[in-house]
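Engineer: Following this message is one structure expressed as structure tokens.
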Amino acid sequence: MIQTVKGGVCAAKGFTANGVHCGIRKNKTKRDLSLIFSEKRAAAAAVYTTNLVKGAPLTVTKAHLADGYAQAIICNSGNANTCNANGIEIAEETCALAAKALGIAADDIVVASTGVIGQPLDITPIANGMDALAKGLGDFGDLAAEGIMTTDTVKKEVAVTFTAGGVTCTIGGIAKGSGMIHPNMATMLVFITTDCAISPALLQKALSTDVQSTFNMVSVDGDTSTNDMVTVLANGMAGNKEITEEGDDFAAFMQALNSVTVDLCKKIAGDGEGATKRLECSVQGAKDKATAKIVAKSVICSSLLKAAMFGADANWGRVLCAIGYSGAEVDVTKIGVTFSSAAGSIEVCKDGAGVPFSEEEAKKILSEHEIGIELTLGDGDGEAVAWGCDLTYDYVKINGDYRT
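FYI, the numbering used here numbers position 119 of the sequence shown as 298, with every residue one higher than the one before it.
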């Protein structure tokens with residue numbers, strides 16, 4: 180049984196965290212350097228952005244995780260360390276500084292950066308802040324969550340307990356992500372910790388499988404970031420027998436991981452830049468899962484639909500339009516569309532055609548913060564869910580002067 184608990188990345192045994200302002204960001208009230216540390220060297224897995232332009236930290240992290248293990252995660256915000264001539268050097272030096280402060284090997288450190296692309300990253304503030312960051316490690320997952328934020332308006336963290344081999348295990352995570360979100364492999368930045376004992380190979384399989392139906396199904400603006408990464412550390416301190424093959428324990432781990440990632444997906448979508456509403460598109464009755472995913476993602480990515488949701492306009496034609504250009508094989512004469520929220524639900528389309536409905540009632544339903552777009556295709560058993568947000572005036576304001 181999966182139960183939600185407090186603590187984020189510090190909920191699992193053996194993990195501590197911290198976040199400080201070191202001076203990368205001009206605003207001294209904002210933390211800009213975060214650290215997550217495991218008492219024991221942990222099995223590690225990661226997935227990365229598919230953007231051909233990749234931040235230097237991803238290259239360094241990938242090399243460090245080649246053996247399947249890590250013990251710490253260091254991340255700065257305010258500067259993406261991307262498209263810099265000395266980016267690799269800075270990322271490696273960041274790891275060296277953290278390693279010295281923690282007393283561990285530099286190649287056991289995951290390094291990440293987020294913020295403006297193409298701006299030189301000075302190592303000085305990171306060096307000056309490292310000792311305080313490391314010495315302040317404790318049950319401060321919330322501070323670590325704050326330190327990785329950029330345009331995020333809220334911290335994103337979650338933790339759950341589950342049972343593997345009769346032993347209670349914990350898995351928790353933090354995420355940052357508000358704009359430039361259209362993953363295609365991972366998402367923004369997500370750091371997950373667990374005290375479950377699981378082999379690096381199965382941990383990687385679990386993560387790579389999970390992201391296909393979670394983080395890959397989130398879109399805020401259709402832009403795939405250069406620095407997207409999801410990392411999981413599993414230190415085995417719960418004491419369960421190590422999961423080395425698929426079976427009941429692996430299934431339990433997968434279910435717990437999914438509960439954490441889905442929660443973070445929803446938090447990311449709901450905190451999209453300038454967003455006032457979180458959208459969830461659920462597809463049922465597709466010919467197969469692949470078709471369902473294509474349809475759900477196409478709908479959630481439609482700028483016209485996102486704008487309609489901002490205005491609480493039940494313009495269901497935009498839903499069908501998005502399905503029609505998605506490339507999915509769909510019988511348009513079978514499509515059904517229903518909008519729902521805490522205020523109720525209303526069917527607006529059946530068998531590919533409009534049905535009479537109250538515009539007033541629809542307006543009320545679409546004025547809530549969380550909106551459901553429920554699609555039926557009548558072609559099979561395939562189903563999928565995608566998450567996104569509305570498109571508002573503030574999105575343009577935020578990104579009109581993001582760099583300056």
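Ideal placement from N, C-alpha and C gives every residue a C-beta, glycine not left out.
Alpha carbon to alpha carbon, how far is Gly282 from Thr366? Give it in angstroms, no decimals.
Structural biologist: In the sequence shown, the residue the question calls residue 366 occupies position 187. In the sequence shown, the residue the question calls residue 282 occupies position 103. With a pLDDT of 43 at Thr366, under the threshold of 50, the predicted position of this residue should be treated as unreliable, and no value is reported.
Engineer: List the residues that DSSP assigns as beta-bridge partners of Leu368.
Structural biologist: Taking the sequence shown and counting its residues from 1, the one referred to as residue 368 is at position 189. Paired residues: Lys355, Met408.
Engineer: Using DSSP's beta-bridge definition, name the partner residues of Arg457.
Structural biologist: Position 278 of the sequence shown, counting from 1, holds the residue named residue 457. Arg457 is bridged to Glu549, Cys568.
Engineer: Provide the residue span of the alpha helix (DSSP H) that contains Lys384, from first to last.
Structural biologist: Taking the sequence shown and counting its residues from 1, the one referred to as residue 384 is at position 205. Lys384 -> alpha helix (DSSP H) spans 379 to 389.
Engineer: What's the call for Gly351, buried or exposed, on a 16-neighbour Cβ count within 10 Å?
Structural biologist: Taking the first residue of the sequence shown as 1, we reach residue 351 at position 172. Residue environment analysis places Gly351 among the buried positions, since at least 16 neighbouring C-beta atoms fall within 10 angstroms of its C-beta.
Engineer: Does the stretch 385 to 398 come close enough to the stretch 436 to 448 that 3 or more CB-CB pairs lie under 8 Å?
Structural biologist: yes
Engineer: Whole angstroms are fine: how far does the CA of Ala493 sit from the CA of Glu539?
Structural biologist: Locating residue 539 in the sequence shown gives position 360, counting from the first residue. Locating residue 493 in the sequence shown gives position 314, counting from the first residue. CA-CA distance, Glu539 to Ala493, rounds to 10 Å.
Engineer: Nearest to Val346 by alpha carbon, out of Ala431, Val462, Val511, Leu570?
Structural biologist: Along the sequence shown, read from residue 1 onward, the residue named residue 346 stands at position 167. Looking at the Cα atoms, Ala431 is the closest of the given residues.
Engineer: For Glu526, name the three-state secondary structure that DSSP assigns.
Structural biologist: Here residue 526 refers to the residue found at position 347 of the sequence shown. Look at Glu526 here: in three-state DSSP terms it is strand.
Engineer: Kindly give me the distance between the Cβ atoms of Glu421 and Ala376, rounded to whole angstroms, as I take these residues to be in contact under 8 Å.
Structural biologist: Locating residue 421 in the sequence shown gives position 242, where the first residue counts as 1. Locating residue 376 in the sequence shown gives position 197, where the first residue counts as 1. Taking a contact as a CB-CB distance under 8 Å, the pair Glu421 and Ala376 counts as one, their CB atoms being some 4 Å apart.
Engineer: Is it the case that the stretch 444 to 464 contacts the stretch 406 to 424, given that we only count it when at least three CB pairs across the two stretches are under 8 Å?
Structural biologist: no
Engineer: Note the first and the last residue of the continuous beta strand (DSSP E) segment covering Cys375.
Structural biologist: Position 196 of the sequence shown holds residue 375. First-last for Cys375: undefined, no H or E at that position.
Engineer: Would you kindly work out how many angstroms separate the C-alpha atoms of Asn578 and Thr330, rounded to a whole number?
Structural biologist: Counting from one through the sequence shown, the residue named residue 578 turns up at place 399. Counting from one through the sequence shown, the residue named residue 330 turns up at place 151. Distance between the alpha carbons of Asn578 and Thr330: 10 Å.
Engineer: Do Ile256 and Asp301 have their C-beta atoms within less than 7 Å of each other?
Structural biologist: Here residue 256 refers to the residue found at position 77 when the sequence shown is read from its first residue. Here residue 301 refers to the residue found at position 122 when the sequence shown is read from its first residue. Sequence inspection shows Ser at residue 256; the Ile mentioned does not correspond to that position. Their beta carbons are not under 7 Å apart, which means Ser256 does not touch Asp301 by this criterion.
Engineer: Counting only the same chain and skipping the five closest in sequence on each side, list residues whose C-beta sits under 6 Å from that of Ala196.
Structural biologist: Here residue 196 refers to the residue found at position 17 when the sequence shown is read from its first residue. Val188, Cys189, Ile215, Phe319, Gly320, Ala323, listed in sequence order.
Engineer: Bridge partners of Phe536, per DSSP?
Structural biologist: The residue you call residue 536 lines up with position 357 of the sequence shown. Per DSSP, none; premise fails for Phe536.
Engineer: DSSP on Ala413, reduced to helix/strand/coil?
Structural biologist: Here residue 413 refers to the residue found at position 234 of the sequence shown. Ala413 falls in the strand class under three-state DSSP.
Engineer: Looking at the structure shown, is Cys348 part of a helix, part of a strand, or coil, going by DSSP?
Structural biologist: Position 169 of the sequence shown, counted from the start, is the residue given in the question as residue 348. Strand.
Engineer: Let me check one thing: in DSSP terms, what residues is Phe518 bridge-paired to?
Structural biologist: Residue numbering aside, residue 518 sits at position 339 when the sequence shown is read from its first letter. Phe518 pairs with Ile525, Ile552.
Engineer: Can you name, in chain order, every residue of its own chain whose Cβ lies under 8 Å from the Cβ of Ile267, other than the five neighbours on each side?
Structural biologist: As a working note, residue 267 is residue 88 in the sequence shown. For Ile267, the CB contacts under 8 Å within the same chain, skipping 5 residues up- and downstream, are Ala235, Thr238, Val239 in chain order.
Engineer: List the DSSP bridge partners of Lys335.
Structural biologist: To locate residue 335, count along the sequence shown from 1; it is residue 156. In DSSP, Lys335 forms a bridge with Ala354.
Engineer: Is the distance from the Cβ of Lys542 to the Cβ of Ala486 below 7 Å?
Structural biologist: Residue 542 sits at position 363 when you count from the first residue of the sequence shown. Residue 486 sits at position 307 when you count from the first residue of the sequence shown. No, these two residues do not count as a Cβ contact at 7 Å.
Engineer: Got a sec: is the Cβ-Cβ distance from Leu212 to anything in chain C below 7 Å?
Structural biologist: This model lacks chain C altogether; it includes just one protein chain.
Engineer: Give me the Cα-Cα distance between Pro304 and Ile288, rounded to the nearest whole angstrom.
Structural biologist: For the purposes of this step, residue 304 is taken as the residue at position 125 of the sequence shown. For the purposes of this step, residue 288 is taken as the residue at position 109 of the sequence shown. Answer to the nearest angstrom: the Cα atoms are 19 Å apart.
Engineer: If we count the other Cβ atoms within 10 Å of its Cβ and call it buried at 16 or more, is His200 buried or exposed?
Structural biologist: Here residue 200 refers to the residue found at position 21 of the sequence shown. Result: buried.
Engineer: Beta-carbon separation of Asp467 and Ala343 under 7 Å?
Structural biologist: Counted from its first residue, the sequence shown places residue 467 at position 288. Counted from its first residue, the sequence shown places residue 343 at position 164. No. Outside cutoff.
Engineer: Which same chain residues end up closer than 8 Å to Val564 when comparing Cβ atoms and leaving out the 5 residues on each side of it in sequence?
Structural biologist: Locating residue 564 in the sequence shown gives position 385, where the first residue counts as 1. Cβ neighbours of Val564 beyond the five flanking positions: Ser392, Met396, Glu459, Cys460, Ser461, Val462, Ala475.
Engineer: Compute the beta-carbon to beta-carbon distance between Ala435 and Phe341, rounded to the nearest angstrom, for a pair I have assumed lies under 8 Å.
Structural biologist: Taking the first residue of the sequence shown as position 1, residue 435 is located at position 256. Taking the first residue of the sequence shown as position 1, residue 341 is located at position 162. Between Phe341 and Ala435 the Cβ distance is about 4 Å, and since that is below 8 Å, they are a contact.
Engineer: Can you give me the C-alpha to C-alpha distance between Ser213 and Ile502, rounded to a whole angstrom?
Structural biologist: As a position in the sequence shown, residue 213 is number 34, starting the count at 1. As a position in the sequence shown, residue 502 is number 323, starting the count at 1. Looking at the two C-alpha atoms, the distance is approximately 41 Å.
Engineer: Please classify Ala469: is it buried, with 16 or more other beta-carbons within 10 angstroms of its beta-carbon, or exposed?
Structural biologist: As a working mapping, residue 469 is identified with position 290 in the sequence shown. It is exposed - the Cβ of Ala469 has fewer than 16 other Cβ atoms within 10 Å.
Engineer: Can you look up Tyr248 in the DSSP assignment and give me helix, strand or coil?
Structural biologist: Taking the first residue of the sequence shown as 1, we reach residue 248 at position 69. If DSSP states are grouped into helix, strand and coil, Tyr248 belongs with the strands.
Engineer: Residues in its own chain within less than 7 Å of Phe370 by CB, not counting five upstream and five downstream?
Structural biologist: Numbered from its first residue, the sequence shown carries residue 370 at position 191. Once the five neighbours on either side are set aside, the close Cβ partners of Phe370 are Val188, Ile215, Ile252, Gly352, Ile353, Thr410.
Engineer: Three-state secondary structure (DSSP) at Phe341?
Structural biologist: Within the sequence shown, the letter at position 162 stands for residue 341. In the structure shown, Phe341 sits in a strand (DSSP, three-state: E or B).
Engineer: Just curious, the alpha helix (DSSP H) that Glu268 is in, first and last residue?
Structural biologist: Residue 268 sits at position 89 when you count from the first residue of the sequence shown. From DSSP, the alpha helix (DSSP H) with Glu268 extends over 266 to 281.
Engineer: Are there 16 or more other CB atoms within 10 angstroms of the CB of Met180, so buried, or fewer, so exposed?
Structural biologist: Residue mapping note: residue 180 aligns to position 1 of the sequence shown, counting from 1. Exposed, because fewer than 16 other Cβ atoms sit within 10 Å of the Cβ of Met180.
Engineer: Rounding to the nearest angstrom, what Cα-Cα distance links Thr555 and Gly531 in this structure?
Structural biologist: Sequence index remark: in the sequence shown, residue 555 carries index 376 (1-based). Sequence index remark: in the sequence shown, residue 531 carries index 352 (1-based). Cα to Cα, Thr555 sits roughly 10 Å from Gly531.
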